[in-house]
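Chains as they are written, first to last, in this note's numbering: chain A, 1 to 715; chain B, 716 to 1430. Note that beta-carbon positions come from the ideal geometry of N, C-alpha and C, so glycine has one too. Just so it is clear, the structure is predicted and the values come from calculations on it, not from any experiment.
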């Protein structure tokens, strides 16, 4: 039986000095938010208000709760259970230390018998900062298992949360109860049988019986602890686009002398997943002297090679304690609606709460899960390795039987020059070892990118002037695990961040820099607003609405170009994940396709269309066209589907200035399952129209559900 | 007290049928050799005699020894100790099974009290063969921890040894004795202090005291078990060319009530070794989309980056049981004489015996040690992983405190298309995990080559017609961990392999194919003799002696080209290891620079000269020159030394047909420690000489100890 506590929280400059004021605290939640509410701090999402929260990163926080008088039966015990406290803390009972912990991902339990009426206190130290790191840089995260993004990123302000960010409660437990259930399985080679293995950790005594219910709710088998059982012809779990994400539910009951003592339940899907070498990779090694072949990165699910389409998932809130199922649900439903089948949970962020994985299981979204290491050199000091091992064990044990969990990964961009970790780094050898020990069947990648894979770019028009249309067809990678095209945010999002007067006409100021419209990167084009590209293409916009529309036009076309080009490069390429899906606060501009909190940009629909199982697609050489020029594109039928597509035809039309120019009717042949068809190069000489503003020129493929449009520019 | 046993051995087609005949057996040794001696089989090194040994790979072998009556004092025990039996065996005492073991690298002990007069039997099963592999292919080694080379290679016949290949003896032990000593240390950042840690595994009781004696033999400290001690200003161990390989010796004495019960001794060197990123690698990543950076492969010893020069070490005998210090000593002394500082112990071979590491410690030769996996896909079946873990643990525990041991490596060419293992392969994840757990401070490479590194080629003139002079300057790799240039073997070696009549004129026949002169590779040039290149360059040779001389001329110049070019590419490149150093039997042709058993080829001197700490070197564009052509080479001063080289001058002369043509005097500036100097491109118009046989044309640099010569061809 779980019992909530009533918490207060206060802050202090030192653990030795009690807070001057205690305020009401939400648990799970964040100390800083509770404080802000009580102290009347303005909304951190707006303007530069977040700067008023910055002082919190140097605070100690004290949580207090009075333990109620709980009547305990014979053999009953009372525990305080903390599922996750962020980040380093001491637990005290009436001033007596019960324990100390560093790390936000571990669950801790404290026995509290006879504690009724006593004061439970949790002192949380200020967020960790690597003393060797540059002050106020993300490198300060490099000796802790704390998400680096909170230390500031090009899409996230520096604002480091502290607090009881996961559930924390009193729990009255009988002598006999279920501490833990691990239900795992192996599938045989043709997936016609699942051999289930049930491990139960039981306190006290009792007989455990587990019933497995099929996706239709009917019981399919029962088994006891430490038993194996065979399930014939399990309904397989498939990721979105490849079949149903069939889930079974199990319920385990602990009985003693015919009496039920405890029960636990959960869900499980049956699927086999491995990484296989991308087609053509083994053969591509050229002449001596000869290096190694790139890594395997094709997800093979239940024997079927998947083209992984998806996005990089980041924290949906700055104050991660507030995240719950209601936060995840609209976002993940959008991810499924985008025809995605895989999310890369980026290593700069938190490892998500259970609700996230429940939803991914249910929606058929595969999860690439990184450990909390990103863009830093996490040095293998003994103190760091100790905490990393403890926290990684907690993460792996919590998630290892998750159906949607596809890949473990050490973290983000660790082998690039800005991080300077290598295969020799103790932290990554440790993570590989722990994953191998605790979850040997699941692939482990040291980082992303690895040999053959690539990250970037993050612009429609590159710094060297080339457009995404030119760069992507020339690239040849096995997986594009990050790429971005920025846009200005939706109007509603912009107005959460700033007053319209501060953002239109759009220019550099404290607010537009804080919300990432300018200065996110050091380059000439003013990321992420990229005003100079917008001005070059379209001229100055007359209104914020127009500016947003033009910017999202570029974003949508850019993303279509990359997703579809990656698909054209199949099977050598097998993965395309844009940077990024969502965001943690209202940005003014950025690469996300969904604005905070869950508002899709216009480009969301473009990405969704580019990720349809089958579509007619164009390889387009450039964005801007002129009268008299010969307009020419390559036709493709992209098919990731598992069904053959019957022969058919697609009408190719160009629409310009109210006119429709019929280019051709492409009669395509049948497309085998999971196979693209390259069609002809088609085009026409563009008419010379009267001068004027740049006009939209729409390339249209009419082919039923496979129809597509591309919006280009005529000048 | 160790007591040898008197062994006999016999063979049988089945474990259930006793051998018809038992013959005297050498231990350590090989069953097949004992049998061959008794049965009068001809020398396996000669002709195709080895074929008469092939049947042995399907034999069961039975070793027998009668346990003598050993008087045991009170508390004394009698053990049978087997340090390594190749490969799968059962131990029986008077027909009662004492144990079963798979794997040749583990030490096993069996308690034999009261066994006096009883018969000890060891049944060895036929060598393992993966049932999924092509018959008689090296792939048959892919589910065992048995060196793959024995299954046949392009320089090694198929001949798979079995037997008691390491020491095996009776041992009378008192109640109190030292089972194991592990003396390890960490050096502080400036190497001025070694913190020693002594772990002792003691049977019974007693007080252990360890004395450490310095390189000069004087005691520097004493310590007890489970103690740490600090050694101030240790004399550091250096690899050859960088300083003295200073070794300390320790002696541990176990005493009880003032009486010595047991003692053990060993050697230890103090050094710090890590792999660092090669210079320029972090910076070389070009534009987006961006992959990962190559792996670090610069050996940094005691803070000094080393240019690793060396060779690939292979089994020095087919019958590995006969290998002992006398086998290793002349070979390793040659390796040191060749100015080598690192040997790559290739994964197709055995993990060498302790004598090998003793000698490498003493000679300053770093060891890159691979596990016994090579050129196969070692599938992660549960049975294989179990044996691999057990054997790898034995290997790591035996070698982890070895001074010379520089790098662990999973095996040879496992990430190439002919092996098809990847970072996901369970066997390699397991090895990485075990090395991290048992020996965390030592670098681990999954295989060679990795990102940035390269293997090959193995010819002077490539299959596409390009010479090594053209290919190598165009290559850009961080480490050349295998490259070969073949030659015909020394006359003495050839005559161990065949009668002269069978090998001159040299042509394909059963003997020349068996001894690798032809058919080693499928290409046009008849590897390894490469007669067509020899004929193209020199015309037909008049004698075997001349053929050998011409062939070794090409080999020597080819190896000089590669070693010196790799050094010119420093610091981006930091390692050059030729394939291979030695060989396991008399070949007629091959890449080795030392013929079986320890006879240097002419090219050995060329390699030795190319690996001097400092030399004047030429970048030469091609081998054959014609009258009237402009002869031109690039001058370099190559300096791996730790001292600055004072300014000086090198006279550049070309000698042709008895004439000396002075090209120039190069006045080079001072060369900083460990830094090369690129000099001018120099040359002259070649005189037109009368027609005739191709003539030797010698390029000579006169510069004292840095003098060099290059022998080219004028036609």
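- DSSP lists B:897 as the beta-bridge partner residues of residue 914 of chain B.
- Of all residues in the stretch 270–297 of chain A, only 274, 275, 277, 282, 283, 285, 287, 288, 289, 290, 291, 292, 293, 295 and 296 place a beta-carbon less than 8 Å from a beta-carbon of chain B.
- Approximately 4 Å separates the beta-carbon atoms of residue 1354 of chain B and residue 1386 of chain B; this is inside 8 Å, confirming the contact.
- DSSP lists A:652 as the bridge partner or partners of residue 664 of chain A.
- Considered as a whole, the stretch 60–146 of chain A harbours 60–66, 77–82, 88–93, 96–102, 108–111 and 119–124 as its complete beta strand (DSSP E) runs of no fewer than 3 residues, in chain order.
- Neighbours of residue 424 of chain A across chain B, judged by C-beta separation under 7 Å: 990, 1011 and 1158.
- Among the CB atoms of chain B, none fall inside 8 Å of the CB of residue 379 of chain A.
- For the pair residue 282 of chain A and residue 188 of chain A, the Cα-to-Cα distance works out to about 27 Å.
- Between residue 252 of chain A and residue 263 of chain A, the CB-CB gap stays under 8 Å.
- Assignment of beta-bridge partners to residue 302 of chain A by DSSP yields no partner.
- Where residue 1187 of chain B is concerned, the enclosing alpha helix (DSSP H) starts and stops at 1183–1189.
- Exclusion of the five residues before and after residue 630 of chain A leaves 683 and 685 as the residues of its chain whose Cβ lies within less than 6 Å of its Cβ.
- Close to residue 417 of chain A, with beta-carbon spacing below 8 Å, are these residues of chain B in chain order: 997, 998, 1000 and 1008.
- Residue state for residue 354 of chain A is assigned as helix, using DSSP reduced to three classes.
- Neighbours of residue 1142 of chain B across chain A, judged by C-beta separation under 7 Å, do not exist; the nearest C-beta is about 11 Å away.
- Taking the Cα of residue 806 of chain B as reference, the smallest distance to any Cα among B:840, B:785 and B:832 is reached at B:840.
- Bounds of the alpha helix (DSSP H) holding residue 503 of chain A are 500–503.
- The C-alpha of residue 913 of chain B is placed about 36 Å away from the C-alpha of residue 98 of chain A.
- In this structure, residue 332 of chain A keeps its C-beta atom at 8 Å or more from the C-beta atom of residue 311 of chain A.
- Only exposed fits residue 1341 of chain B, as fewer than 16 other CB atoms lie within 10 angstroms of its CB.
- Looking at the DSSP output, residue 713 of chain A sits in a beta bridge with A:624 and A:696.
- Setting aside the 5 residues that flank it on each side, residue 318 of chain A is surrounded in the same chain by 159, 584 and 585, each with a C-beta closer than 6 Å to its C-beta; the list follows chain order.
- In the same chain as residue 300 of chain A, and ignoring 5 residues on each side of it, the C-beta atoms closer than 6 Å to its own belong to 274 and 276, in chain order.
- Residue 452 of chain A reaches chain B at 1006, counting residues in chain order whose Cβ is nearer than 8 Å.
- The three-state reading of DSSP puts residue 750 of chain B in helix, counting H, G and I together.
- Taking all protein chains in view, the Cβ of residue 1073 of chain B is crowded by 16 or more other Cβ atoms within 10 Å, so the residue is classified as buried.
- Each of A:553, A:653 and A:706 was checked against the Cα of residue 676 of chain A, and the nearest Cα belongs to A:706.
- Put simply, the stretch 753–771 of chain B does not touch the stretch 887–895 of chain B. Fewer than three CB pairs are less than 8 Å apart.
- In the structure shown, residue 617 of chain A falls within a strand segment according to DSSP collapsed to helix, strand and coil.
- Just measuring C-alpha positions, the residue of B:1181, B:1388 and B:969 sitting nearest residue 1359 of chain B is B:1388.
- From the listed residues B:1052, B:1380, B:1372 and B:1332, the smallest Cα separation to residue 1366 of chain B is found for B:1380.
- Around the beta-carbon of residue 910 of chain B, fewer than 16 other beta-carbon atoms lie within 10 Å, marking it exposed.
- Counting along the chain, no alpha helix (DSSP H) covers residue 575 of chain A; the unbroken beta strand (DSSP E) around it starts and ends at 575–578.
- Apart from sequence neighbours up to five positions away, the residues of its chain that approach residue 374 of chain A with a beta-carbon distance below 6 Å are 148, 347, 348, 411 and 412, ordered along the chain.
- Interface annotation, residue 475 of chain A: in contact with chain B, CB-CB separation under 8 Å.
- Here residue 49 of chain A carries a helix assignment [DSSP, helix/strand/coil].
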